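67 is the number that my numbering gives to position 8 of the sequence shown; each next residue is one higher, with no gaps. Even for Gly, the Cβ is constructed at its ideal location relative to N, Cα and C. These numbers come from a predicted model, not from an experiment.
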Amino acid sequence: MAFQRALWSIEAACGPSSFPLLPPMSNLRIDRNAKTLRELTLDKLRSAIVQGYFRPGDRLVERTLCDELGVSRTVVREVLRHLETEGLVETVARQGPIVARLDPAQVGEIYELRSLLEANAARACAERSTPALVKQLRGIRKTVEDAFKQDDWPRVLECTERFYEALFDGAGKQVSLAVVKSLNARINRLRALTIAVPGRRDESNREMNALLDAIERRDGEAASAASAAHIRRTSELALHALEQQEQAAGSA
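In structure tokens form, the structure reads like this:
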């Protein structure tokens, strides 16, 4: 049985025609010619959850996933355990693994932590800024903008993650980067709620250009403030979408 679902969480929050959705996946079949089978399966299932292929609360039945992915039950079990450590899957008594629900309190905490780490990294990045680093950051940001223009939301997520890795590297904040990476699956799931909001592309571009301009000027204070403002706005959008999602679920 093939799943044909668009980004349910966004549809539930704002309606199916409010703004462009992540393109639906046609199937979960694995291409065996690249990474290890476990890595491929992990990437595919993680993306399926982040992009809304599975709904929050959906049961993740091993046998069904084996058929959809074309892999063994052992691989599926290992991947589900890994996704549980990333906060994308939770195990419920008498149900088994399900797609983790987004809890507003935890979402707020994630953004609070991001604000602390990323604003600090932005400050350090500006203070250590070089022309080569600025060129690298602007180049990656350009790929994000191009993906936005094409409504290529998976590409937006991928390139945004690369941008922040470069920013933390430029800041020399490897421990902070490791902490952020441990949250990346949940962060990307939240980004999927916000990046397709009407007007968000232009708004995000202004916010990120302010950050990049401050880094280029080597103005640590302005870079920190720009980063904090960007995350504050993103947090508002995500929490609003979750609130609407809960209201829609309650009235269903």
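Length-filtered (4 minimum) alpha helix (DSSP H) runs lying within the segment 90 to 121: Whole alpha helix (DSSP H) segments, 4+ residues: 96 to 109.
C-alpha gap between residue 180 and residue 228, whole angstroms: One alpha carbon belongs to residue 180, the other to residue 228, and they sit about 9 Å apart.
Environment of residue 304 [buried if 16+ CB atoms lie within 10 Å]: If you draw a 10 Å sphere on the C-beta of residue 304, you find 16 or more other C-beta atoms in it, and that means buried.
Own chain, CB closer than 6 Å to residue 248, minus 5 neighbours either side, in chain order: Closer than 6 Å at the Cβ level, and outside the excluded window around residue 248, lie 109.
Spatial distance of residue 66 from residue 111 (CA atoms): Note that residue 66 scores a pLDDT of 36, beneath 50, so its modelled location is shaky; the value from the coordinates is reported in the next line. Spanning the two alpha carbons is a distance of roughly 4 Å.
Continuous alpha helix (DSSP H) assignments of at least 4 residues falling wholly in the segment 168 to 247: Here the runs fully enclosed are 190 to 208, 212 to 230.
Check whether residue 332 and residue 274 have beta carbons under 8 Å apart: Since the displayed the chain opens at 60 and closes at 311, residue 332 lies outside it and no answer follows.
Touching by the beta-carbon criterion (3+ pairs, under 8 Å), the segment 289 to 303 and the segment 159 to 177: Verdict: yes, contact present.
Pair within 8 Å by beta-carbon distance, residue 130 and residue 176: With a cutoff of 8 Å on beta-carbon distance, residue 130 and residue 176 are scored as not near each other.
Option in 182, 201, 226 with minimal Cα separation from residue 214: That would be 201, whose Cα lies nearest to the Cα of residue 214.
Where residue 157 sits in the DSSP three-state scheme: Note: residue 157 maps to strand in three-state DSSP.
Beta carbon of residue 158 nearer than 8 Å to that of residue 116: Annotated as proximal: residue 158 and residue 116, with beta-carbon spacing under 8 Å.
Spatially closest choice to residue 206 from 255, 245, 123, by CA coordinates: Measuring from the Cα of residue 206, the nearest candidate turns out to be 255.
C-beta contact flag for residue 281 and residue 178 at 8 Å: Against a cut-off of 8 Å, the Cβ pair of residue 178 and residue 281 comes out as no contact.
Backbone CA spacing between residue 294 and residue 250 [nearest angstrom]: Their Cα atoms are separated by approximately 10 Å.
Neighbourhood of residue 218 by C-beta, 7 Å cutoff - its chain only, sequence neighbours within 5 removed: Taken in chain order, the residues that qualify are 199, 202, 203, 206.
Residue 148 - partner residues in DSSP beta bridges: BP columns for residue 148 point to 158.
Coarse secondary structure for residue 290, derived from DSSP in three states: DSSP, reduced to helix, strand and coil, places residue 290 within a helical segment of the structure shown.
With 16 other Cβ atoms within 10 Å as the buried cut-off, status of residue 230: With 16 or more neighbouring CB atoms inside 10 Å of its own CB, residue 230 falls in the buried class.
Own chain partners of residue 101 with C-beta closer than 7 Å, once the 5 adjacent residues on each side are dropped: Result list for residue 101: 138, 141, in chain order.
C-alpha distance - residue 171 paired with residue 284, whole-angstrom precision: Taking the Cα positions, residue 171 is about 14 Å away from residue 284.
Terminal residues of the alpha helix (DSSP H) in which residue 278 lies: Where residue 278 is concerned, there is no enclosing alpha helix (DSSP H), given that its DSSP letter is neither H nor E.
Which of helix, strand or coil DSSP assigns to residue 131: When DSSP states are grouped into helix, strand and coil, residue 131 belongs to the coil group.
Per-residue DSSP class, three states only, for residue 256: Residue 256 sits in coil when the DSSP states are folded into three classes, being neither helix nor strand.
Sub-8 Å separation of residue 132 and residue 125 beta-carbons: Remark: C-beta atoms of residue 132 and residue 125 approach each other more closely than 8 Å.
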